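Numbering (our numbering), first residue to last: 695 to 836.
Backbone N, C-alpha and C define an ideal beta-carbon position, used for all residues, glycine too.
Just so it is clear, the structure is predicted and the values come from calculations on it, not from any experiment.
What follows is a short report on a single structure.
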Ligand SMILES: Nc1nc2c(ncn2[C@@H]2O[C@H](COP(=O)(O)OP(=O)(O)O)[C@@H](O)[C@H]2O)c(=O)[nH]1
Ligand SMILES: [Mg+2]
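What follows is the structure, given as structure tokens:
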């Protein structure tokens, strides 16, 4: 199985998605440090939001086979700088999270645009709450 690093702002759903993909009970658990959970590397959102921490993500991603960038459908804020993915010398996948909260198509296109600007190679929209597209995502991670 591939080793996956999950990167995204605070509250974008990294920990919940990890729990879902690992068939664990979904519980809220604030991520305080970089956590290695089998083949998943869960990272605190602060590392993404405070740019002086970005080198920590970059160093940790060296151990991963795939860099997954998360963008919540509910989060209309610019997070990833243009070309962000070029920081990693690894394949990238963009995951739009909380798709169960989609109320306007424009939210989906905004999230896609953010991930494309970041430079991801592929995008998938999922919900860890309703399981939408979770199997498809799992197949892309295997
Ligand atoms: N509606 C909905 N809420 C979600 C989903 N995934 C995560 N959340 C909620 O978003 C919040 C932040 O999730 P968390 O996984 O801790 O984000 P992290 O900071 O990126 O690890 C929590 O309250 C989760 O319950 C989802 O697919 N749908
Ligand atoms: Mg977390």
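Any non-hydrogen atom of ligand 2 closer than 7 Å to residue i Cβ
i, result
"residue 732", "no"
"residue 725", "yes"
"residue 811", "no"
"residue 768", "no"
"residue 709", "yes"
"residue 759", "no"
Residue i and residue j closer than 8 Å at C-beta
i, j, result
"residue 815", "residue 787", "yes"
"residue 696", "residue 760", "yes"
"residue 740", "residue 699", "no"
"residue 731", "residue 710", "no"
Best match in the options for proximity to residue i [C-alpha to C-alpha]
i, options, result
"residue 747", "702, 800, 771, 732", "702"
"residue 803", "759, 770, 696, 737", "770"
"residue 754", "831, 742, 743, 735", "735"
"residue 826", "756, 799, 792, 813", "792"
Residue i CB to nearest heavy atom of ligand 1 below 7 Å
i, result
"residue 836", "no"
"residue 704", "yes"
Burial state of residue i (16 or more Cβ within 10 Å)
i, result
"residue 738", "buried"
"residue 706", "buried"
"residue 809", "buried"
"residue 714", "buried"
"residue 801", "buried"
| task | Could you tell me whether the region 769–781 touches the region 713–728, where touching means 3 or more Cβ pairs closer than 8 Å? | result | no
| At least three beta-carbon pairs within less than 8 Å, the region 722–732 to the region 765–776 | no
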